[in-house]
Amino acid sequence: MDKLLHILIILSLPVLLSAQLINNNATIVVESGATLLVEGSLENIGGTITNDGVIEVKENLTNSGTITSGVDSKVIFSGTALQNMDAGGASFYDLEISNTNGGVNMINTDATVSNSLIFKNGSTNLSLGARSLNLGTSASWTKETNSGHVDVTGN
(Lines of atoms letter the chains of each structure in order from A and count residues from 1; the text may use other names and numbers.)
(Lines give C-alpha, C1' and ligand atoms only; values in the text may rest on other atoms or scores of the structure.)
Protein backbone atom coordinates (compact mmCIF):
# COMPACT_ATOMS: atom_id res chain seq x y z
CA MET A 1 0.00 0.00 0.00
CA ASP A 2 2.86 2.42 0.81
CA LYS A 3 4.43 1.81 -2.62
CA LEU A 4 1.15 2.58 -4.35
CA LEU A 5 0.79 5.82 -2.36
CA HIS A 6 4.35 6.86 -3.29
CA ILE A 7 3.69 6.16 -6.96
CA LEU A 8 0.49 8.21 -6.90
CA ILE A 9 2.29 11.12 -5.23
CA ILE A 10 5.13 11.01 -7.78
CA LEU A 11 2.68 10.87 -10.71
CA SER A 12 0.80 13.89 -9.39
CA LEU A 13 3.92 16.06 -8.91
CA PRO A 14 3.77 17.72 -12.34
CA VAL A 15 0.24 18.87 -11.50
CA LEU A 16 1.25 20.14 -8.07
CA LEU A 17 4.41 21.98 -9.09
CA SER A 18 4.69 25.12 -11.18
CA ALA A 19 7.81 25.96 -13.14
CA GLN A 20 9.00 29.48 -12.47
CA LEU A 21 12.12 31.26 -13.71
CA ILE A 22 13.71 33.85 -11.41
CA ASN A 23 16.71 35.74 -12.77
CA ASN A 24 18.37 37.44 -9.80
CA ASN A 25 21.18 39.71 -11.11
CA ALA A 26 22.36 37.20 -13.71
CA THR A 27 22.43 37.25 -17.52
CA ILE A 28 20.14 35.12 -19.69
CA VAL A 29 20.66 35.02 -23.47
CA VAL A 30 18.04 33.57 -25.82
CA GLU A 31 19.78 33.16 -29.16
CA SER A 32 18.20 33.51 -32.59
CA GLY A 33 16.18 30.39 -33.41
CA ALA A 34 15.89 29.37 -29.74
CA THR A 35 12.76 29.36 -27.57
CA LEU A 36 12.69 29.84 -23.81
CA LEU A 37 9.39 28.36 -22.58
CA VAL A 38 8.50 29.39 -19.03
CA GLU A 39 5.61 27.25 -17.78
CA GLY A 40 5.11 29.55 -14.77
CA SER A 41 6.12 33.15 -14.10
CA LEU A 42 9.24 34.92 -15.32
CA GLU A 43 10.84 37.33 -12.82
CA ASN A 44 13.86 39.36 -13.89
CA ILE A 45 15.17 40.93 -10.67
CA GLY A 46 18.05 43.25 -11.50
CA GLY A 47 19.34 40.86 -14.14
CA THR A 48 19.72 41.11 -17.90
CA ILE A 49 17.74 39.14 -20.47
CA THR A 50 18.91 39.44 -24.06
CA ASN A 51 16.26 38.03 -26.40
CA ASP A 52 17.15 37.29 -30.01
CA GLY A 53 14.71 34.35 -30.19
CA VAL A 54 11.35 33.62 -28.54
CA ILE A 55 10.37 33.88 -24.88
CA GLU A 56 7.00 32.28 -24.11
CA VAL A 57 5.46 32.91 -20.68
CA LYS A 58 2.49 30.90 -19.36
CA GLU A 59 1.89 33.03 -16.21
CA ASN A 60 3.22 36.49 -15.23
CA LEU A 61 6.19 38.58 -16.34
CA THR A 62 7.89 40.90 -13.84
CA ASN A 63 10.92 42.91 -14.92
CA SER A 64 12.95 45.15 -12.61
CA GLY A 65 16.13 44.57 -14.59
CA THR A 66 16.94 44.91 -18.27
CA ILE A 67 15.28 43.14 -21.18
CA THR A 68 16.73 43.82 -24.62
CA SER A 69 15.03 42.55 -27.75
CA GLY A 70 16.83 41.91 -31.00
CA VAL A 71 15.40 42.08 -34.49
CA ASP A 72 12.94 39.23 -35.14
CA SER A 73 12.64 38.39 -31.42
CA LYS A 74 9.27 37.74 -29.83
CA VAL A 75 7.70 37.58 -26.36
CA ILE A 76 4.52 35.49 -26.16
CA PHE A 77 1.93 35.47 -23.37
CA SER A 78 0.18 32.12 -23.76
CA GLY A 79 -1.52 31.38 -20.46
CA THR A 80 -4.92 29.88 -19.81
CA ALA A 81 -5.88 32.39 -17.09
CA LEU A 82 -5.39 36.12 -16.55
CA GLN A 83 -1.70 37.10 -16.81
CA ASN A 84 0.07 40.22 -15.49
CA MET A 85 2.87 42.03 -17.27
CA ASP A 86 5.13 44.41 -15.32
CA ALA A 87 7.51 45.15 -18.18
CA GLY A 88 9.79 47.54 -16.33
CA GLY A 89 9.84 49.84 -19.35
CA ALA A 90 11.17 47.11 -21.64
CA SER A 91 10.98 47.37 -25.40
CA PHE A 92 9.81 44.25 -27.25
CA TYR A 93 10.36 43.67 -30.96
CA ASP A 94 7.23 41.48 -31.36
CA LEU A 95 4.69 41.06 -28.56
CA GLU A 96 2.12 38.31 -28.99
CA ILE A 97 -0.95 37.97 -26.78
CA SER A 98 -2.15 34.36 -27.17
CA ASN A 99 -3.86 33.93 -23.82
CA THR A 100 -6.85 31.62 -24.26
CA ASN A 101 -8.90 32.78 -21.28
CA GLY A 102 -8.53 36.10 -19.50
CA GLY A 103 -5.99 38.13 -21.41
CA VAL A 104 -3.07 40.18 -20.11
CA ASN A 105 -3.06 43.13 -17.68
CA MET A 106 -0.24 45.66 -17.81
CA ILE A 107 0.65 46.66 -14.25
CA ASN A 108 3.08 49.12 -12.59
CA THR A 109 5.22 50.06 -15.63
CA ASP A 110 5.00 50.91 -19.33
CA ALA A 111 6.32 49.01 -22.34
CA THR A 112 7.17 49.59 -26.00
CA VAL A 113 6.60 47.40 -29.07
CA SER A 114 8.93 48.30 -31.93
CA ASN A 115 7.64 45.96 -34.67
CA SER A 116 4.40 43.99 -34.14
CA LEU A 117 1.65 43.68 -31.55
CA ILE A 118 -0.12 40.40 -32.34
CA PHE A 119 -3.43 39.15 -30.94
CA LYS A 120 -3.90 35.42 -31.42
CA ASN A 121 -6.11 32.65 -29.99
CA GLY A 122 -9.16 32.81 -27.74
CA SER A 123 -9.68 35.71 -25.34
CA THR A 124 -6.68 37.78 -26.32
CA ASN A 125 -7.42 40.99 -24.47
CA LEU A 126 -4.74 43.44 -23.37
CA SER A 127 -5.73 45.78 -20.52
CA LEU A 128 -3.49 48.81 -20.14
CA GLY A 129 -5.08 50.31 -17.02
CA ALA A 130 -3.11 53.48 -16.26
CA ARG A 131 -0.05 52.16 -18.15
CA SER A 132 1.20 53.06 -21.63
CA LEU A 133 2.02 50.66 -24.43
CA ASN A 134 4.01 52.64 -26.97
CA LEU A 135 4.05 51.41 -30.57
CA GLY A 136 7.17 52.31 -32.52
CA THR A 137 6.90 54.48 -35.62
CA SER A 138 6.90 51.45 -37.93
CA ALA A 139 5.04 49.07 -35.61
CA SER A 140 1.92 47.21 -36.73
CA TRP A 141 -1.06 45.74 -34.92
CA THR A 142 -2.37 42.35 -36.08
CA LYS A 143 -5.56 40.73 -34.85
CA GLU A 144 -5.72 37.05 -35.80
CA THR A 145 -8.81 36.31 -33.70
CA ASN A 146 -12.36 37.65 -33.59
CA SER A 147 -12.43 38.29 -29.83
CA GLY A 148 -9.28 40.25 -28.97
CA HIS A 149 -9.12 43.92 -28.01
CA VAL A 150 -7.17 46.52 -26.05
CA ASP A 151 -8.80 48.08 -22.98
CA VAL A 152 -7.60 51.61 -22.28
CA THR A 153 -8.64 53.09 -18.94
CA GLY A 154 -7.05 55.32 -16.34
CA ASN A 155 -4.92 58.40 -16.94
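Residue numbers for the sequence shown, in the numbering used here: 1231 to 1385. From the three backbone atoms N, C-alpha and C, an ideal C-beta is built for every residue, glycine too. Just so it is clear, the structure is predicted and the values come from calculations on it, not from any experiment.
Rounded Cβ spacing between residue i and residue j (contact assumed at less than 8 angstroms)
i	j	result
residue 1350	residue 1326	6 angstroms
residue 1254	residue 1283	About 22 angstroms separates the two Cβ atoms, so there is no contact after all.
N-terminal and C-terminal residue of the beta strand (DSSP E) that residue i is part of
i	result
residue 1267	1265–1268
Beta-carbon gap between residue i and residue j smaller than 9 angstroms
i	j	result
residue 1280	residue 1257	yes
residue 1329	residue 1290	no
residue 1300	residue 1262	yes
residue 1343	residue 1364	yes
residue 1297	residue 1311	no
residue 1338	residue 1323	no
Residue of the options minimising C-alpha distance to residue i
i	options	result
residue 1341	1320, 1335 and 1357	1320
residue 1286	1294, 1272 and 1295	1272
residue 1270	1336, 1278 and 1307	1307
Buried versus exposed call for residue i [16 or more other C-beta atoms within 10 Å across all chains shown]
i	result
residue 1259	exposed
residue 1267	exposed
residue 1331	exposed
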